[in-house]
Structures are given as C-alpha cells and as structure tokens.
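See structure below.
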Amino acid sequence: MNKLAYRLRIYRSVVGMNIKEMLAYNLWFWSQLGAHLFLTIVYVSFWKALYSERETIAGLTMQQTLTYIILARMIAPLVQWGYTQEFGYWIREGTISSELLRPVDFQERIFIGHLTRTFVALAQQLLVTGSFAVLVFDIRLPTDPLIWLSFLISLLLGCSILFCFDWIFGCVAFYSTEVWGLQVVRGSILMLFSGVLLPLTMLPSGLQTLAQWMPFAQSVSIPVSLLSGITPLDQLGSIWLQQLAWLAVMLMLSRLMFNFSVRKITVQGG
Amino acid sequence: MLRYSKIYWYFVVQRFKILMEYRLNFFIGSISTVLFQGASIIAMWAVLRQVPSIQGWTLEQILLIYGLLTLSKGINHLFADNLWVIGRDYIRPGQFDRFLVRPINPLFHLLADRICHDAIGDFIVGFGLVGYAMVKLQLPITLASISFIILMVISGGIIFIALNLITAATAFWIMDSIPVTNLVFSTNEFAQYPLTFYHRSVGILLTWLLPYGFASYYPASYLLGHSIGWMAWLAPLIALVSITIAYRFWVFGLKHYGSTGS
C-alpha cells in the first residue's frame, strides 16, 4: 500500500512537471504576443496622434504609414540580429575547423540554413501577428497575389544581401574573436536605417542618402514599401535590378573577405 | 541595516572585479543602451522636425517624459535586474536554495548577487534628455526642481522594481517567470509618450493598475506647468504602496516554495 502511495506521488510530480514545462512554452508564446500587441498599440497611437492634426506627412497618408509601420515591425525580428553570433561561437569554441572541413561549400550551407529559418519565422509572424494586426488595427493588406509575390521576391533578395553583409561582418570575428559589441552597433544602426522605426522618406535628406548606401533598407524598407502599396508595382523592374546589383557586389565582397580572413583563424584549443 | 550595507558593498566590489576582467564587454554593455535608444530618439526627432507639435506636445516636452522614464528604468536595471532571471538562473537549477540557508534575507541576496552595470547607459540617456529638455524649454533649474526630479525618479524606480518583484514571485509556482515579467514590463512602453495620446483605458491602466505613468507623464506634466493638481505628488505614495504589496506577495510565494529537488 505504501509502495502504491509512493508511486502515485512520483506520478503526480511527473504530471505536474510536464504541465509546468508545457505551460512555460505556451506562456512564452502568449507573453511575446501580448508584448507585441502592447508595443503595436503604443506606436499606432503615436502615429494616430501625429496624424490627428494633418492629412499627410512627407507625402504619406495615415493609412499608408500605419500599414507600413505595422508590417515593418513584423519583419524587424527576422533581420534584427543576424547570425554573426554563431560565427563568434564557432571561433571561440574551435568548431570552425570541422565546419570548414565538410564537403559542402561553407557559405552556401549557412545561407540555406539561415534563409530557411528566416522564412519559417516570417510565415509564423504573418500568421499570428499579421492576422492579429488585420483584426485589431484595421490595416489593409493587398489581395493581389502579384503584390505578395513581388514582396516575397524582394524580401528574399533583401535577406540575401543582408546575409552577405553579415558574412563580411562575421569575418571580423576572425580578428576580434568577440562579436557581441559589433552586433549591438549593427543592430541599432539597422533599426534606424532599415526603415523599421519610420518610413525612410521621413528622414532628413542627408540621412536618407546614408540609408540608401547601406544594405539594411534592402531587407525591410524596400519589400515592405511594395507590400503596403507605397511603391507602385510599375517600379518593380528597377527595384529588382537595383537589388540584384547590390547582391552581386555584396556576394563578391563576402567571398573575397572570407578567403582573405580565413587564413587568420587561430583555432583556440583545437 | 548597517550590516546589510556592508554586505551589499562587498557584493558590489566583487561584481566590479569580475567586470574589470572583461573590460571591453563592460564598455560595450554600458553603451549598448545608448545606441539603441539613440536610434529611437533620432527617429522621433526626424518625424517631429516636420511638425510643430503633436496634440500640443513638442519634441522637447516628449523627450522630457522619455528621459524621466529612462532614469526610473535605469534604477530598476541597476539594482533589480536579477528579478528577471530568478526562475531560469536560480530556481530551476536549484541555486535559489543556496540563499535560503544563509543568514541574510533571500531577496536581498538575490538582488545583490548581480548589480547590472548596463544601467549606466540608461542614466547617460536619461540625464542627457532631461537636461536637454529642461534647458530647451527654459524650465527653472533650481534646488526645488532638481529635488522634485530626484524624488520622482526614485519613486518611479521603486514602482518598476515593485512590478518586477510581483511578477518574479510567480516563479515560486510556475518556475520560469520571464514570460510574465516580460508581459507586464512591456507595458512601460506606453509611458514613453503623453498618456493623452492613448485611449482613456490605457491612461487609467498606467495610472492605477500598472502605475508606470507616475515615473514619467505625471512628473513631466508638473514640471511643464500643466495643472494636474495633487497627482503630481502622488508618486512616492504609489511607490510605497506598490513595493509593500509586492514584498508581501514575494513573502507569500516564498512560503509556498518547495524547491525543484535537484
């Protein structure tokens, strides 16, 4: 009898433990969603207050700006941090040596992995926070599948450009072995110049020029402007050409940089 | 009390020794907040430079609110950052039990265990913004106004700590409290703008339920000479009430705590 009670007590704690674990993940999901909702209310209210006394700002109506901002904030978590952290980790741990020895091109492999993660995250974001935004905030997403397609292609190009940029960035880790600080700098520059915080046309012209010469806008401002209808579809040709040119240059630079700096690796303790 | 201050000082010295081993990280940690907030502030400036004001609020006035909130947040960040990770870093791995067998208050031990120097960035941004706004708006910088600001910032900091303490105490039941803390803490974002920008319910929420408004909007309104009456002086009382409730809840949770058994 005692044995039975003992077993039951163990089972009970196992059940309790499992419930707690499940709850922890679920809680995290709801917490993130809730925090995202609060933040969205904050900036939607800010822009609404801003537009309450005027029709347009920098040529954009309230509907356009709100749709743009909500979408840009949805894309932001996908590009905000990059993967440079992993670079630093491989080098610090010395696993970079075995990464390099694998019979598949190192950069290609990381690229595919990174892109997969980005687009799965995008699907999640659009499904959860996207449907949420449509329900709660009255934003108008386009129904034309062509717009969606051009958005996705533009985002794919933008993320590839950013990938190559981050690759160059990550190569710095071969020299510094410390990437956290660089990451912080990159993250804050990206927030401003990618167009997450505001449509880039609202920046003063000097900063706008600066933003054009940085790769960050390619992954947020340009695709999101397409999806929110700020950029008309007839400019698609020139946009894609521009993005392809960016990609070609960045890809070349990233290959060069990698081949050059890979010789610098000192595998720590390896 | 004297004993606790001595012990606290000892913890601070130890923490500082650790930090000095990694000087670069120390430096980066301190400026990371400056960089991130810098991006938002530049964005706000870029938008507001095209318009004279938003519903009567100018850029400098909004920056005053933002600066006061950042200072209060800095106090919480400096002294009570460990409340965030009580579940993940202490309760789950069984580390919390260490505190229970020592002859000092477990909450004190938890807080003193990690003083978060990244808060320096909050103070730089906060002082910078409040100073800039006060000068630009030609508000009187007197002993009275400075004492008022210090009183309000400390009260605001205590309000931040109290809310984080309540949410951290849920870890005694659900083990990992970060999601709960994250959700409640995220509402402080509302308080970076005048509460009049929002639906009325948000104003009530940020005043009476999650009183972050007392860390920014109310003291700023008073400094700007808006007539908000006794609300301007309510912050210390609210801080006292919330920290008392929070501590009671913490003690209640602690009694309920039954370790993870690892």
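Chains as they are written, first to last, in my numbering: chain A, 7 to 276; chain B, -15 to 246. Think of the CB as a built atom: it goes at the ideal place given N, C-alpha and C, for glycine as much as any other residue. Owing to the predicted nature of the structure, the values given are computational and were not obtained by experimental measurement.
Which residue's Cα is closest to the Cα of I145(A): L162(A), L72(A) and A254(A)?
Here residue 145(A) is taken as the residue at index 139 of the first sequence, counted from 1. Selected option, being the one with the closest Cα: L72(A).
Quick check: the Cα distance between P195(B) and I145(B), rounded to an integer number of angstroms?
Indexing the second sequence from 1 puts residue 195(B) at position 211. Indexing the second sequence from 1 puts residue 145(B) at position 161. So the alpha carbons of these two residues sit roughly 12 Å apart.
In whole angstroms, what separates the C-alpha of S246(B) from that of F63(B)?
Against the second sequence, residue 246(B) aligns to sequence position 262. Against the second sequence, residue 63(B) aligns to sequence position 79. Unreliable positioning characterises S246(B) in this predicted model, as indicated by a pLDDT of 48, which lies under 50. A coordinate reading is not provided.
Measure the CB-CB distance between H120(A) and F169(A) and report whether it falls below 8 Å.
In the first sequence, the residue the question calls residue 120(A) occupies position 114. In the first sequence, the residue the question calls residue 169(A) occupies position 163. Yes; because the gap between Cβ atoms is below 8 Å, this pair is in contact.
Please confirm if M136(B) has its CB atom under 8 Å from at least one CB of chain A.
The count along the second sequence starts at 1 and reaches residue 136(B) at position 152. Not closer than 8 Å to any Cβ of chain A, the Cβ of M136(B) fails to qualify, so no.
Using the rule of at least 16 other Cβ atoms within 10 Å of the residue's Cβ for burial, across every protein chain shown, is P210(A) buried or exposed?
Position 204 of the first sequence holds residue 210(A). Answer is exposed; the Cβ neighbour count stays below 16.
The stretch 150 to 167 of chain A / the stretch 240 to 253 of chain A touching (three or more Cβ pairs under 8 Å):
yes
Distance, I49(B) Cα to M258(A) Cα:
Looking up residue 258(A) in the first sequence gives position 252. Looking up residue 49(B) in the second sequence gives position 65. Using only the alpha carbons, I get a separation of about 47 Å.
Within 8 Å of any Cβ in chain A, is that where the Cβ of P79(B) sits?
In the second sequence, residue 79(B) corresponds to position 95, counting from 1. Per the sequence presented here, residue 79(B) reads as Gln, with Pro not at that position. By this cut-off, Q79(B) is not an interface position.
Roughly how many whole angstroms lie between the Cα atoms of E27(A) and E61(A)?
Along the first sequence, read from residue 1 onward, the residue named residue 27(A) stands at position 21. Along the first sequence, read from residue 1 onward, the residue named residue 61(A) stands at position 55. Whole-angstrom Cα-Cα distance: 50 Å.
Keeping to the same chain, check which residues put their C-beta closer than 8 Å to that of L253(A); ignore five residues upstream and five downstream.
Here residue 253(A) is taken as the residue at index 247 of the first sequence, counted from 1. These residues qualify, in order along the chain: L163, S166, I167 and C170.
Run through chain A and tell me which residues come within less than 9 Å of N166(B), C-beta to C-beta.
In the second sequence, counting from the first residue as 1, residue 166(B) sits at position 182. Simply W34, S37, Q38, G40 and A41.
Taking C-beta to C-beta, are I108(B) and V18(B) nearer than 8 Å?
As a working note, residue 108(B) is residue 124 in the second sequence. As a working note, residue 18(B) is residue 34 in the second sequence. Yes, Cβ-Cβ distance for I108(B) and V18(B) is below 8 Å.
So, at 8 Å on beta carbons, what are the nonlocal neighbours of I245(A) in its own chain, with the 5 sequence-adjacent residues on each side left out?
Here residue 245(A) refers to the residue found at position 239 when the first sequence is read from its first residue. Closer than 8 Å at Cβ, skipping near neighbours: S160, I228, L232 and T237.
Under the three-state DSSP convention, the category W87(A) falls into:
Counted from its first residue, the first sequence places residue 87(A) at position 81. Coil.
When you compare the CB of L248(B) with every CB in chain A, is at least one pair closer than 8 Å?
Residue 248(B) is absent from the structure shown; chain B starts at -15 and stops at 246.
If L53(B) sits next to Q176(B), beta carbons under 8 Å apart, how far is it from one beta carbon to the other, in whole angstroms?
For the purposes of this step, residue 53(B) is taken as residue 69 along the second sequence, with counting starting at 1. For the purposes of this step, residue 176(B) is taken as residue 192 along the second sequence, with counting starting at 1. Between Q176(B) and L53(B) the Cβ distance is about 6 Å, and since that is below 8 Å, they are a contact.
Residues bridged to W41(B) [DSSP beta-bridge criterion]:
Residue 41(B) sits at position 57 when you count from the first residue of the second sequence. Answer is I38(B), bridged to W41(B).
What is the residue span of the alpha helix (DSSP H) that F107(B) lies within?
For the purposes of this step, residue 107(B) is taken as the residue at position 123 of the second sequence. That run of the alpha helix (DSSP H) goes A103 to K120.
Residue closest to I158(B), alpha-carbon to alpha-carbon, out of I15(B), L221(B) and G242(B)
As a working note, residue 158(B) is residue 174 in the second sequence. The shortest C-alpha separation from I158(B) is found at G242(B).
Candidates K54(A), R98(A) and L133(A): closest to Y182(B) by CA position:
Looking up residue 182(B) in the second sequence gives position 198. Ranking K54(A), R98(A) and L133(A) by Cα distance to Y182(B) puts K54(A) first.
Please check the pair S37(A) and L167(B), which I expect to be a contact at CB under 8 Å, by giving their CB distance rounded to whole angstroms.
Locating residue 37(A) in the first sequence gives position 31, where the first residue counts as 1. Locating residue 167(B) in the second sequence gives position 183, where the first residue counts as 1. S37(A) to L167(B), Cβ: 4 Å. Contact.
What residues of chain B sit near I63(A), judged by a beta carbon separation below 9 Å?
As a working note, residue 63(A) is residue 57 in the first sequence. Near I63(A) (Cβ distances below 9 Å), the residues of chain B are V31, Q34 and V35.
Can you grab the Cα-Cα spacing for the pair L128(A) / L84(A), in whole Å?
One-based indexing of the first sequence puts residue 128(A) at position 122. One-based indexing of the first sequence puts residue 84(A) at position 78. Cα-Cα distance, rounded: 7 Å.
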